[in-house]
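In my numbering, the protein residues as written are 515 to 709.
Right under this line is the structure:
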């Protein structure tokens with residue numbers, strides 16, 4: 515089943531540069547990961563750029579980096595590792611590693627339009643966002659909005675549980691609209707630089 519998912523992601527990256535996959539992994543896994551994130555107490559204010567400078571005019575979410583824990587975090591990281599291997603084999607992407615964190619947006623939090631790949635730097639090449647929120651409706655806000663290189667609207671994605679978004683990090687400026695309630699996700703990047 516994962517090989518089929520990896521194949522679908524790879525085909526979409528080649529054809530469109532992005533893909534949105536509802537019901538990507540499993541509802542139970544998404545729920546368990548959400549419960550795990552809710553219990554975590556070590557979220558820190560997220561920064562901007564390689565220097566991780568705090569700027570709440572541009573970004574207001576909090577993050578908690580994932581690490582192998584022999585549990586849920588490891589399960590997600592193992593899924594990403596499998597996708598890394600598949601992308602390297604099929605597309606010769608030369609990905610060296612994957613980094614990922616939980617993201618928490620509280621009421622009023624947002625992230626202005628930005629690219630995930632830093633300018634004039636070869637680092638992040640593919641972005642993954644995995645949503646964990648149940649029963650999300652339009653009044654809750656917090657949607658991911660994707661644009662093309664000329665800032666034309668492409669897609670708005672509700673942060674619904676078990677939805678996976680994958681896109682080329684340097685091709686799609688995107689933003690997170692202000693949220694009206696707590697919004698959880700896992701965000702990660704496949705990188706080609708060295709650890």
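Virtual Cβ for every residue (Gly too), placed ideally from N, Cα, C.
Computed from a predicted model, the values in this text were never measured in an experiment.
Please work out which residues of its chain come closer than 7 angstroms, Cβ to Cβ, to residue 691, disregarding the five sequence neighbours upstream and downstream, and give them in chain order.
-> Hits under 7 angstroms: 624, 655, 656, 657, 659.
Kindly identify the DSSP beta-bridge partner or partners of residue 647.
-> Beta-bridge partners of residue 647 (DSSP): 674.
Could you name the residues of the same chain whose beta carbon sits closer than 7 angstroms to that of residue 560, not counting the 5 residues immediately before and after it, in chain order?
-> A distance below 7 angstroms between beta-carbons, with the five flanking residues on each side excluded, links residue 560 to the following residues of its chain, in chain order: 573, 575, 576, 577.
Curious, which full-length beta strand (DSSP E) runs of at least 3 residues does the stretch 536-587 contain?
-> Listed in chain order, they are 576-579.
Go ahead and pull the three-state DSSP assignment for residue 593.
-> Three-state result, residue 593: helix.
Per DSSP, which one or two residues make a beta bridge with residue 669?
-> Bridge partners of residue 669: 660.
Same chain, Cβ closer than 6 angstroms to residue 543, five either side skipped, listed in chain order = There are no such residues.
Leaving out five residues on either side along the sequence, give the residues of the same chain with a beta carbon under 8 angstroms from the beta carbon of residue 614.
-> Excluding positions up to five away in sequence, the list reads 579, 580, 590, 591, 594, 642, 700, 701, 702, 703.
What residues are listed by DSSP as bridge partners for residue 702?
-> Under DSSP, residue 702 takes part in a beta bridge, and its partners are 614, 642.
Ignore the nearest five residues each way along the sequence and tell me which others in residue 550's own chain have a CB closer than 6 angstroms to its CB.
-> These residues qualify, in order along the chain: 586.
Could you name the residues that DSSP lists as bridge partners for residue 682?
-> Residue 682 pairs with 640.
Residue 627 in three-state terms, based on DSSP | Note: residue 627 maps to strand in three-state DSSP.
Go through its chain and collect everything with a Cβ distance to residue 672's Cβ below 6 angstroms, but skip five positions before and after it.
-> The answer, listed in chain order, is 650, 657.
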